[in-house]
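K.L.:
The structure under discussion is supplied below as structure tokens; questions concerning it will follow.
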Amino acid sequence: MTEELALKDRDYLTDPTLLKDPYEYFRALRAQGPVYQPKTRDLLIVTGFYETLEVLNNPRDFSSSIAPGGPALPLPFTPEGDDITAQIEAHRDQIVAGDLLVALDDVHHANARAVLNRLFVPSRLKANEEYIQHLADRIVRDVVRTGRCELIKEISVPFVTLVIADLLGVPSEDREVFSNILDQGPPPGSIAAEGATTDVGPLEFMAGYFVRYLMERRAAPNGDVLSDLATATYPDGSLPDIIDLVKMSTFLFGAGADTSAKLLGNAMLYLARMPDLQQQLREDRSLIPAFIEEILRLEGSSKVTFRLARRPTKIGEMEIAPGTKVMLALAAANRDPARWDNPDQFELNRPKLREQVAFGRGGHVCSGAPLARVEIRIIIERFLEHTSHIALDEARHGSASAPDLSYEPSFIIRGLEELHLKFTPAAA
7 MTEELALKDR
17 DYLTDPTLLK
27 DPYEYFRALR
37 AQGPVYQPKT
47 RDLLIVTGFY
57 ETLEVLNNPR
67 DFSSSIAPGG
77 PALPLPFTPE
87 GDDITAQIEA
97 HRDQIVAGDL
107 LVALDDVHHA
117 NARAVLNRLF
127 VPSRLKANEE
137 YIQHLADRIV
147 RDVVRTGRCE
157 LIKEISVPFV
167 TLVIADLLGV
177 PSEDREVFSN
187 ILDQGPPPGS
197 IAAEGATTDV
207 GPLEFMAGYF
217 VRYLMERRAA
227 PNGDVLSDLA
237 TATYPDGSLP
247 DIIDLVKMST
257 FLFGAGADTS
267 AKLLGNAMLY
277 LARMPDLQQQ
287 LREDRSLIPA
297 FIEEILRLEG
307 SSKVTFRLAR
317 RPTKIGEMEI
327 APGTKVMLAL
337 AAANRDPARW
347 DNPDQFELNR
357 PKLREQVAFG
367 RGGHVCSGAP
377 LARVEIRIII
387 ERFLEHTSHI
397 ALDEARHGSA
407 SAPDLSYEPS
417 FIIRGLEELH
427 LKFTPAAA
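Using our numbering, you'd call the opening residue of the sequence shown number 7 and step up by one each time.
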């Protein structure tokens, strides 16, 4: 048996050896075709860029109900007939995380997005960006003065947590509590030591806070962001239940903070290992957005998402039956040679980078993508402004050419557990 054949037969959802470099595994699958049926799982794995787009842009035939947890647990029903939509909705409360925003379908998803979009109006984003500018400047100045840091827990998690807290209008006295609790929970899709999957986090803790915030604002609106959220209506004019608003808020907080914190770590790792790139970006800050897009393509913080076929359909040339579970390997699609030249190479001037699918596509495209791009751009600008050199701490990670790195034990999240950096301050 060749090494490639052995690799493709591993179980991606539970094999911890695939965490450090999932891309070799995805290449082995792609060699079998853009859609692959593994021996170890009752699901299809899509690695092709264009095939991934087919599924993401087809919510009619593919439900997002299993997006958060995929096939970690069996469906709570046996699919029957040529349209299982009614079965999905009848059993949604038994599907793992099936009531989260990312898992909703049809009118339920449209209603939730309409309410959530009130947080992303231009005036609110502008006010939030001003906060991000001040926060990033303070955080980076302080850490550069010390000469070193562990980026993920000391910088990334507190920074992105405070940014989302400001966007949502969380009272300042509660923001540190939120940051601490988010830092304690495991990432989505965690692989436990014995190989089982777990998906418990701090969202239940935060829910208690948001119930209080939103009930108080609905009873007595005061014009702040939480009041806007508490009094928002669905497109048909009906008022959402408080618990539905709480689910939206906590999901945005938990998912947004985790993925953005890991994305910043992935970006800073590239900068620390590429001093020439650092200098290029210092000299021309207009290149930073392109740098972020290429990092999203190469090292986006969401490796996969999941869909459930609800009607007879096709992916590429493959016929798909209702009830088929599909894993969309976003990280593989973003390195598909059918779409990208030299797909495993970093290229700052790569054309049409915005076509990468790190944030998904279609109706379920990440609602926080504009915020993520802004916050990562701003803090990278500050790091480059306040330093003349950023490097890996070789005492912690070994040689920069072949560093010893530990990645989160998650089949969903691509992110470092730790990233120790050293800084040379910019000349005064």
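Glycine included, every Cβ here is placed at the ideal spot set by N, Cα and C. Note that the structure is a prediction, hence the values are computed from the model and not measured.
1) If you reduce the DSSP assignment to three classes, tell me which class Thr-319 lands in.
2) Considering only C-alpha positions, which residue in the set Ala-267, Ala-339, Ile-396, Asp-290 is nearest to Pro-164?
3) Excluding five sequence neighbours on each side, which residues of the same chain lie with their C-beta closer than 6 angstroms to the C-beta of Arg-313?
4) Enumerate in chain order the residues of its own chain whose CB-to-CB distance from Asp-342 is below 6 angstroms, with the five nearest sequence positions on each side excluded.
5) Tell me, please, which residues DSSP counts as bridged to Val-52.
6) Can you tell me whether DSSP reads Leu-25 as helix, strand or coil?
7) Compute the beta-carbon to beta-carbon distance between Leu-377 and Arg-303, rounded to the nearest angstrom, for a pair I have assumed lies under 8 angstroms.
8) Are the CB atoms of Leu-398 and Arg-317 nearer to each other than 9 angstroms?
9) Helix, strand or coil: which one does DSSP assign to Met-324?
10) So, does the CB of Ser-70 fall closer than 9 angstroms to a CB anywhere in chain D?
11) Can you name, in chain order, every residue of its own chain whose Cβ lies under 6 angstroms from the Cβ of Ile-138, other than the five neighbours on each side?
12) Go ahead and label His-403 buried or exposed: buried means 16 or more other beta carbons lie within 10 angstroms of its beta carbon, across all protein chains shown.
13) For His-140, count the other beta carbons within 10 Å of its own beta carbon; 16 or more makes it buried, fewer makes it exposed. Which is it?
14) With distances taken between CB atoms, is the gap from Leu-157 to His-426 smaller than 9 angstroms?
15) Helix, strand or coil, according to DSSP, for Val-206 in the structure here?
16) I'd like the list of long-range same chain contacts for Tyr-219, defined as Cβ closer than 7 angstroms, with 5 residues on each side in sequence excluded.
17) Inspect the beta-carbon positions of His-97 and Leu-107 and report whether they are closer than 9 angstroms.
18) Can you find the residues in the same chain that come closer than 8 angstroms, C-beta to C-beta, to Pro-328, ignoring five residues on each side of it along the sequence?
P.N.:
Taking the definition as stated:
1) Locating residue 319 in the sequence shown gives position 313, where the first residue counts as 1. Here Thr-319 sits in strand by DSSP.
2) Working through the sequence shown from its first residue, we reach residue 164 at position 158. Of Ala-267, Ala-339, Ile-396, Asp-290, the residue nearest in Cα terms is Ala-267.
3) The residue you call residue 313 lines up with position 307 of the sequence shown. Answer for Arg-313: Val-61, Phe-68, Val-332, listed in chain order.
4) Locating residue 342 in the sequence shown gives position 336, counting from the first residue. Cβ within range, chain order: Gly-54, Phe-55.
5) By one-based count along the sequence shown, residue 52 stands at place 46. DSSP, once it has assigned bridges, lists Val-41, Leu-334 as partnering Val-52.
6) Residue mapping note: residue 25 aligns to position 19 of the sequence shown, counting from 1. Of the three classes helix, strand and coil, the one that applies to Leu-25 here is coil, per DSSP.
7) The residue given as residue 377 occupies position 371 in the sequence shown. The residue given as residue 303 occupies position 297 in the sequence shown. No, Leu-377 and Arg-303 are not in contact; Cβ-Cβ is about 19 angstroms, not under 8 angstroms.
8) By one-based count along the sequence shown, residue 398 stands at place 392. By one-based count along the sequence shown, residue 317 stands at place 311. Taking 9 angstroms as the Cβ cut-off, Leu-398 and Arg-317 do not qualify as a contacting pair.
9) Against the sequence shown, residue 324 aligns to sequence position 318. Strand, per DSSP.
10) You won't find chain D in this structure, because it holds only one protein chain.
11) Along the sequence shown, one-based indexing puts residue 138 at 132. So the list reads Val-169, Glu-381, Ile-384, once near-sequence residues are dropped.
12) Translated into the one-based positions of the sequence shown, residue 403 becomes position 397. Buried, by the Cβ-count rule.
13) Sequence index remark: in the sequence shown, residue 140 carries index 134 (1-based). It counts as exposed.
14) Here residue 157 corresponds to residue number 151 of the sequence shown, with the count starting at 1. Here residue 426 corresponds to residue number 420 of the sequence shown, with the count starting at 1. In this structure, His-426 lies closer than 9 angstroms to Leu-157 by Cβ.
15) For the purposes of this step, residue 206 is identified with residue 200 of the sequence shown, where counting begins at 1. Because Val-206 sits at a pLDDT of 39, beneath the cut-off of 50, its placement in the model cannot be relied upon, and the point is left open.
16) Here residue 219 refers to the residue found at position 213 when the sequence shown is read from its first residue. If we look at Tyr-219 and ignore the five residues flanking it on each side, its Cβ neighbours are Leu-232.
17) Within the sequence shown, residue 97 is the residue found at index 91, counting from 1. Within the sequence shown, residue 107 is the residue found at index 101, counting from 1. Not closer than 9 angstroms, so no.
18) For the purposes of this step, residue 328 is taken as residue 322 along the sequence shown, with counting starting at 1. Contacts found: Pro-85, Gly-87, Asp-88, Asp-89, Ile-90, Ala-315, Arg-316, Arg-317, Pro-318.
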